[in-house]
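Read through the structure below, which is laid out as structure tokens, and then see the notes.
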Amino acid sequence: MSTPPPTGPLVTRDSLTAQLRELGVRPGGILLAHSSLSALGWVNGGPVTVVRALLDALGAHGTLVVPTQTGDLSDPALWRAPPVPEPWWETVRATMPAYDPLTTPSRGVGVIPETVRTWPGALRSGHPQTSFAAVGPRAAEIVAGHAPDCRLGERSPLATLERLAARVLLLGAGYDACTGFHLAEYRVPAPRVQVGRPGPDGWETVTEVSITSEGFEELGHDFERDRPVVRGTVGAAVARLFPLADAVAYAETWLPVHRPREEEFPHPAL
């Protein structure tokens with residue numbers, strides 16, 4: 006049985022670049038991109054084409070940033086997709102490789118961030134679970150100083166991106182992928198949790214702010230209703246573009262009103 010031909014649209018580097026510029030991506034800007042390759046259509050060249058188009062739209066003086074999270078570097082007792090048998094837990098903890106910014110692959114954020122991570126000249130932040138990778142002249146400044154006990158807070162690239170007036174691009178991704186909302190979690194009352202992970206000297210546990218994307222789609226809906234968000238189409242994907250600082254400020258007022266009480270978030274969500 007033959008495989009049916011792709012339905013398209015046919016997406017190229019030039020068509021992506023033109024649509025990103027039409028959306029409002031400007032040369033010299035700083036862009037935090039959350040993306041879905043499959044949402045774009047039939048991309049000639051796959052994720053490499055998407056990254057090239059993003060860099061084309063930003064120009065030589067622009068900087069592209071993506072999340073390169075590694076949620077698998079975590080306590081196997083909390084794994085759900087899929088779970089592992091309890092008798093394995095201690096062995097998994099004892100033998101799990103520690104995070105290496107150069108070699109540890111990203112997980113759960115899509116193939117486009119993984120392509121950026123391995124791009125020539127890319128730099129990556131040092132947090133073992135919630136790193137970011139960046140390409141461009143501001144990359145070193147953005148990824149520097151990501152504290153090991155601050156996943157997505159004031160000592161993470163998110164706070165630097167906010168200060169540098171970065172914009173967020175949701176490229177076929179929903180608001181549940183918007184990492185900027187997590188920065189607001191650090192600025193409102195939130196529970197603390199114990200987070201386990203492999204460290205350079207073996208298994209370690211740190212105290213962290215509990216983070217979860219619970220309710221982020223509803224938060225994004227309200228944010229888009231109340232604040233300026235540029236919305237358009239890139240390839241076959243719905244794309245949204247907005248200032249990171251606007252999203253964080255809105256979430257700081259929204260979360261205390263709409264989130265359940267602290268004790269209803271007992272476990273961290275990467």
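Numbering-wise (my numbering), the sequence shown opens with residue 6 and increments by one.
Using N, Cα and C, we set each Cβ at its ideal position, and we do this for glycine too.
- [ ] Since I believe Ser130 is in contact with Thr75 (beta carbons under 8 Å), could you give me their beta-carbon distance rounded to a whole number of angstroms?
- [x] Incorrect: roughly 11 Å between the Cβ atoms, too far for contact.
TODO: Starting from the Cα of Pro125, find the closest Cα among Ser40, Ala139, Cys183 and give me that residue.
DONE: Ala139
Open item on the list: Taking its Cβ as the centre, do 16 or more other Cβ atoms sit within 10 Å of Thr258, making it buried, or is it exposed?
Closed with: exposed
- [ ] Measure the alpha-carbon distance for Leu275 versus Leu63 and round it to whole angstroms.
- [x] At Leu275 the pLDDT is 44, less than 50, meaning the model places this residue with poor confidence and gives no usable figure here.
Open item on the list: Suppose you measure from the CA of Leu176 to the CA of Ala242; what does that come to, to the nearest Å?
Closed with: 7 Å
Open item on the list: Helix, strand or coil for Gln24? Go by DSSP, reduced to three states.
Closed with: Helix.
Open item on the list: Beta-carbon within less than 6 Å of Ala152's beta-carbon, same chain only, minus the 5 sequence neighbours each way: which residues are those?
Closed with: Arg160
Open item on the list: Quick check on the burial criterion: 16 or more other C-beta atoms within 10 angstroms. Buried or exposed for Val239?
Closed with: buried
Task: N- and C-terminal bounds of the alpha helix (DSSP H) containing His226 - done: 221-231
Open item on the list: In whole angstroms, give me the CA-to-CA distance for Glu213 and Glu27.
Closed with: 40 Å
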